[in-house]
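Peer 1: If you're matching positions, the sequence shown starts at 1061 in the working numbering and goes up one per residue. Glycine included, each C-beta is placed from N, C-alpha and C at the ideal position. Quantities reported herein were computed from a predicted structural model and do not represent experimental measurements. Starting off with a structure, shown below.
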Amino acid sequence: MNNEDLFKKVVSHCKEYGFVFPSSEIYDGLAAVYDYGQNGVELRNNIRQYWWKSMTQLQTNILGIDAAIFMHPKTWKASGHIDGFSDPMIDNKDSKKRYRADVLLEDHQEKLRAKADKEVEKARARFGDSFDETMYRSTNPRVVEYLNAIAHIDNTLKEGLETGNLGMIKALIEELGIVCPVSGSKYWTDVRQFNLMYSTQMSAVESGEDSLYLRPETAQGIFVNFLNVQKSGRAKIPFGIAQTGKAFRNEIVARQFIMRMKEFEQMEMQFFCKPGTELEWYAYWKEQRLKWHLSLGVYAAKYRYHDHVKLAHYANAAVDIEFDFPFGFKEVEGIHSRTDFDLSKHEEFSGKKLRYFDPETNESYIPYVVETSIGLDRMFLLTLCASYTEDTVDGEVRTVLRIPPALAPVKAAILPLVKKDGLPEMAEKIYNDLRFDFKLYIEDKDSIGKRYRRMDAIGTPFCITVDHDSLINEDVTIRYRDTMEQRRVKISELRDILHRETDMSSLLQKLA
Ligand code: ATP
């Protein structure tokens, strides 16, 4: 299966099996907005819970909060979002399509990079073992030309954005002869900045003065509560505050399904530490967060770090954890060393001191912050892309979601072999006994094979079949999703088996 096929299959599988639906579909949907179905909501809750527990249960010095989506409008002035949270947009006059100018340029760079790599690979094949790639990249005229063009784009884009000279960016797009992917034309509008925040009003009367914003990130709810949590939780630095919740961004270029949505959920943790120690904590969280991803059993090669070359003005280090999605390596999580920028700004705009008094040194200071920020929806998409497989069994294709059992929407299905002879009643008895501990499914319709396939397709790790022998021996067959191995076990053992195999504690132990 190639990547394009895989992605198409994941998207249609999501709809067919109740994971993700387009929002308000009966009205033809709403661009870049999605709803989660009966299986999607369970998987999403489980991912969120795994993150939440790994932060607030496993780490003794991380406390959780749940701040409101609406915040005082000054919050966004202080954080810089009102003035600076925008993307440079450009429209093609022929296709009327709107693009992010920086993305058009980055896509162009990607093409140049691919051309340079192709030259390098050709040379490697020609020179064999004696090939010196570093030397070749710095001396071959064609490769040097590509690499210089990439650097020229970086520098011009950076200068244009930093100085607000958007004309430079348009000129660069024209100079490079970039065409609209839809119309193929070079007939572009000027580049304009477009703020990504949605606004609404606090009161019923639209006065313009009481504009509220739907938060574009959850982090600010943590910053404004820093002292509340520190004091009421008697927290000593270093400590963290974690939060999960909805964020809203008016993403113009919405694409790739739930990868880039207008309404999405973030899971963020801000770690407050002593100034000067932030880079050590940054290194710690960078490693810790990758470990969290790898604990879910995905091949390490599917992940990579991408260090930011262009740092935001308030950051002194930043890295993305990227996953190899079917459409290429893309960010799932960012780890940023944000210095004391946010707390200082909130001090300035609120007039309230946001300092930590260190009882050991008797000094007060504004802590430095290391942030870990992951998109729940991207993690959901990652989980589906990584777990979707098709096996051929007896000449028939079996679609299996190899989701880690602790995250699976349903932990086990209880299936009477036939719909008679007291088997459904026995299945129901087992179901009623185990449902206090696990999310289960019970079904007696269709052949057992069809029922197995349906469970494989939603990633249910165990199918428990009740047959005639069960009535005599008080035992059942338990089938393992991934190996299709079947074992006979006593009904009295089921609870322990399912706990051992599906509890989140088994994942959490990998992090300790
Ligand atoms: P990108 O560069 O992809 O736009 P970003 O750098 O703006 O992402 P951050 O502001 O660092 O993203 O947000 C942290 C995380 O929130 C991202 O790593 C991503 O997982 C998630 N995220 C951001 N924007 C969206 C979106 N529009 N839809 C879904 N998830 C998002």
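Apply the 10 Å Cβ neighbour rule to A1466 and answer buried if 16 or more other Cβ atoms are within range, or exposed otherwise.
Peer 2: When all chains shown are included, A1466 counts as buried.
Peer 1: If the criterion is Cβ atoms closer than 8 Å, does the pair E1325 and K1306 meet it?
Peer 2: Yes. Within cutoff.
Peer 1: Give the DSSP-derived three-state secondary structure of Y1540 in the structure shown.
Peer 2: Note: Y1540 maps to strand in three-state DSSP.
Peer 1: Just how far apart, CA to CA, sit E1456 and E1450?
Peer 2: If you take the alpha carbons of E1456 and E1450, they lie about 10 Å apart.
Peer 1: Compute the minimum distance between the beta carbon of F1210 and the heavy atoms of the ligand ATP, and state whether it is under 7 Å.
Peer 2: The amino acid occupying residue 1210 in the given sequence is Ile; Phe does not appear at that position. No - the ligand ATP has no heavy atom lying nearer than 7 Å to the Cβ of I1210.
Peer 1: How far does the alpha helix (DSSP H) with N1492 in it reach, from first residue to last?
Peer 2: Unbroken alpha helix (DSSP H) run through N1492: L1483 to L1494.
Peer 1: Can you list, in chain order, the residues of its chain with a C-beta nearer than 8 Å to that of N1310? Leave out the 5 residues immediately preceding and following it.
Peer 2: Excluding positions up to five away in sequence, the list reads F1254, N1255, L1256, M1257, Y1258 and K1322.
Peer 1: Quick one: give me the first and last residue of the alpha helix (DSSP H) that M1439 is part of.
Peer 2: Residues L1436 to S1447.
Peer 1: Please report the Cβ distance between N1422 and S1397, rounded to the nearest whole angstrom; I am assuming they are in contact, meaning their Cβ atoms lie under 8 Å.
Peer 2: Rounded, the Cβ-Cβ distance is 26 Å, inconsistent with contact.
Peer 1: Have a look at the DSSP bridge pairing and note the partners of D1535.
Peer 2: D1535 pairs with K1550.
Peer 1: Take the Cβ of Y1094 as the centre, count every other Cβ of all protein chains shown within 10 Å, and call the residue buried at 16 or more, exposed below.
Peer 2: Per the 10 Å Cβ criterion, buried.
Peer 1: Does the ligand GTP have a heavy atom nearer than 7 Å to the CB of I1142?
Peer 2: With respect to the ligand GTP, the structure shown offers nothing to examine, as its ligands consist of the ligand ATP.
Peer 1: Could you name the residues of the same chain whose beta carbon sits closer than 6 Å to that of Y1206, not counting the 5 residues immediately before and after it, in chain order?
Peer 2: If we look at Y1206 and ignore the five residues flanking it on each side, its Cβ neighbours are L1172, K1175 and A1176.
Peer 1: Measure the Cβ-Cβ separation of D1154 and S1083 and say whether it is below 8 Å.
Peer 2: Their beta carbons are not under 8 Å apart, which means D1154 does not touch S1083 by this criterion.
Peer 1: When every heavy atom of the ligand ATP is checked, does at least one fall within less than 7 Å of the C-beta of F1324?
Peer 2: For the ligand ATP, at least one heavy atom lies less than 7 Å from the Cβ of F1324.
Peer 1: If you follow the alpha helix (DSSP H) that E1311 is part of, which residue opens it and which one closes it?
Peer 2: From DSSP, E1311 is part of no alpha helix (DSSP H); its letter is neither H nor E.
Peer 1: For the region 1314-1377, which segments carrying the beta strand (DSSP E) assignment without a break, of at least 3 residues, lie completely within its bounds, in sequence order?
Peer 2: Fully enclosed beta strand (DSSP E) runs of 3 or longer: 1323-1333 and 1363-1367.
Peer 1: Closer than 7 Å by C-beta to S1404: which residues in its own chain qualify, once you throw out the five before and the five after it? Chain order, please.
Peer 2: I1426, listed in sequence order.
Peer 1: Between which residues of its own chain and V1239 is the CB-CB distance below 8 Å, once the five residues before and five after are set aside?
Peer 2: These residues qualify, in order along the chain: S1245 and K1246.
Peer 1: Taking contact to mean 3 or more Cβ pairs, one atom from each stretch, closer than 8 Å, check whether the region 1336-1346 and the region 1285-1295 are in contact.
Peer 2: With the cut-off at 8 Å, the region 1336-1346 and the region 1285-1295 do not touch.
Peer 1: How many Å lie between I1474 and F1067 at the Cα?
Peer 2: So the alpha carbons of these two residues sit roughly 31 Å apart.
Peer 1: Measure from the alpha carbon of N1099 to the alpha carbon of each residue in C1523, F1440, K1412 and D1497, then state which is nearest.
Peer 2: Of C1523, F1440, K1412 and D1497, the residue nearest in Cα terms is F1440.
Peer 1: Under 8 Å, do A1127 and G1281 count as touching if we go by C-beta distance?
Peer 2: Closer than 8 Å, so yes.
Peer 1: DSSP three-state call for C1523: helix, strand or coil?
Peer 2: C1523: strand per DSSP, three-state reduction.
Peer 1: Quick one: what's E1152 bridged to in DSSP?
Peer 2: The sequence given here has Asn at residue 1152, not Glu. Its beta-bridge partners are W1248.
Peer 1: Using a C-beta cutoff of 8 Å, does F1387 count as contacting chain B?
Peer 2: Checking the listed chains, one finds no chain B in this structure; it contains a single protein chain.
Peer 1: Going by DSSP, name the residue or residues bridged to A1302.
Peer 2: For A1302, which the question treats as bridged, DSSP gives the partners G1124 and M1329.
Peer 1: Would you say the beta carbon of M1257 is closer than 7 Å to some non-hydrogen atom of the ligand ATP?
Peer 2: Outside the cutoff, so no.
Peer 1: Mind checking whether D1384 and K1412 have CB atoms under 8 Å apart?
Peer 2: Not in contact: D1384 and K1412 (Cβ atoms no closer than 8 Å).
Peer 1: Taking just the CA atoms, how far does E1234 sit from Y1273?
Peer 2: So the alpha carbons of these two residues sit roughly 35 Å apart.
Peer 1: Just to confirm, is the Cβ distance from P1464 to L1356 under 8 Å?
Peer 2: Contact flag set, yes.
Peer 1: T1278 by DSSP, collapsed to three states: which one?
Peer 2: T1278 falls in the coil class under three-state DSSP.
Peer 1: Taking all protein chains shown into account, do 16 or more other C-beta atoms lie within 10 angstroms of the C-beta of G1435, making it buried, or fewer, making it exposed?
Peer 2: By the 10 Å Cβ count, G1435 comes out buried.
Peer 1: Kindly give me the distance between the Cβ atoms of M1564 and Q1109, rounded to whole angstroms, as I take these residues to be in contact under 8 Å.
Peer 2: Confirmed, Cβ separation roughly 7 Å.
Peer 1: Which stretch, first to last residue, makes up the beta strand (DSSP E) that contains D1095?
Peer 2: Where D1095 is concerned, the enclosing beta strand (DSSP E) stretches over Y1094 to Y1096.
Peer 1: Do D1384 and the ligand ATP come close, with the Cβ less than 7 Å from some heavy atom?
Peer 2: Result no, Cβ not under 7 Å from the ligand ATP.
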